[in-house]
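Numbering (this note's numbering), first residue to last: 454 to 501.
Where a beta carbon is used, it is the ideal one built from N, C-alpha and C, also for glycine.
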């Protein structure tokens, strides 16, 4: 029972870690896009 229980827990931990990484990468990419768009807006305002 114990031997069969641990692999499931390990797989669950791996899945949660993968999901957490995906969420982290998506948040960082969204922040980068927002910062880039803001930089572009500032540059346009400076040119005008």
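Hey, how far is the Cα of residue i from the Cα of residue j?
{"i": "residue 467", "j": "residue 473", "result": "10 Å"}
{"i": "residue 491", "j": "residue 480", "result": "17 Å"}
{"i": "residue 477", "j": "residue 465", "result": "18 Å"}
{"i": "residue 487", "j": "residue 460", "result": "41 Å"}
{"i": "residue 494", "j": "residue 483", "result": "17 Å"}
{"i": "residue 489", "j": "residue 475", "result": "21 Å"}
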